[in-house]
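S.K.: This structure is in structure tokens; I'll ask about it shortly.
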Amino acid sequence: MGGLSDQSWFTCDRCGAAGSAVRERGRIDLMAKLCDACWNTIANEMAEVDGATAAPRPDPDDASWIKPPTCPTCGAMVRVCPTNYDRWVSLATVELPAKDVPEPFRWRLTKLPARSPIVTDIVAVRVRGVDPLPGEPVVPAHRMMCVPE
């Protein structure tokens with residue numbers, strides 16, 4: 006007698022592959038069902054366009070996280086945040102009105118939904134689609150404000 010498998014595999018929305026490597030991707034609203042290879046391709050392309058090329062935060066066991074990260078080019082403090090597509094971006098440490106930040110550099114920090122009222126993580130989301138009001142605060146990408154020493 007053959008055994009029945011109760012596992013149901015997703016199919017990759019991009020290449021059609023099925024298996025355990027295919028899963029729902031994205032940290033806020035699930036973006037798509039993708040295999041590892043397709044997800045890495047798409048996420049890397051998005052990161053390149055958005056300028057989300059920062060190195061991830063250090064391991065929590067490493068004590069260097071106590072000191073705020075600084076930009077190697079200008080020496081200013083930066084806020085390194087994960088994006089909603091699992092890449093990392095360096096953001097300015099201040100919010101500015103949207104009218105003062107060009108569209109490609111506008112980000113918002115969003116709390117990840119959790120079962121508890123305690124915020125577990127914050128994700129950076131590029132402001133797209135609907136333009137914010139001119140006075141609405143956004144977090145600029147650090148690369149907009151970076152001036153080499």
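So the mapping is simple: the numbering used here equals the position in the sequence shown, first residue as 1, plus 5. Where is the CB? At the ideal position from N, CA and C, for every residue including glycine. These figures come from a predicted structure and were not determined experimentally.
Where do the N-terminal and C-terminal ends of the beta strand (DSSP E) with Arg84 fall, by residue?
M.R.: Where Arg84 is concerned, the enclosing beta strand (DSSP E) stretches over 84 to 87.
S.K.: Just how far apart, CA to CA, sit Val132 and Glu29?
M.R.: Their Cα atoms are separated by approximately 22 Å.
S.K.: Sorted by chain position, which residues of the same chain lie with C-beta nearer than 7 Å to Leu114's C-beta, five sequence neighbours on each side aside?
M.R.: Cβ neighbours of Leu114 beyond the five flanking positions: Cys86, Ile127, Ala129, Val144.
S.K.: Which whole runs of the alpha helix (DSSP H) in the segment 123 to 153 are 4 residues long or more, in chain order?
M.R.: Here the runs fully enclosed are 147 to 150.
S.K.: Thinking C-alpha only, which one of Gly31, Pro142, Ala42, Val83 is nearest Ala23?
M.R.: Of the listed residues, the one whose Cα sits closest to Ala23 is Ala42.
S.K.: Between Ala97 and Trp14, what straight-line distance do the alpha-carbon atoms span, to the nearest angstrom?
M.R.: Each residue's alpha carbon lies about 41 Å from the other.
S.K.: Rounded C-beta distance between Pro102 and Pro63? I'm assuming under 8 Å.
M.R.: That belief does not hold up - the Cβ atoms of Pro102 and Pro63 are roughly 32 Å apart, past 8 Å.
S.K.: Going by the beta-carbon positions, is the gap between Phe110 and Met149 smaller than 7 Å?
M.R.: Cβ distance < 7 Å, so Phe110 and Met149 count as in contact.
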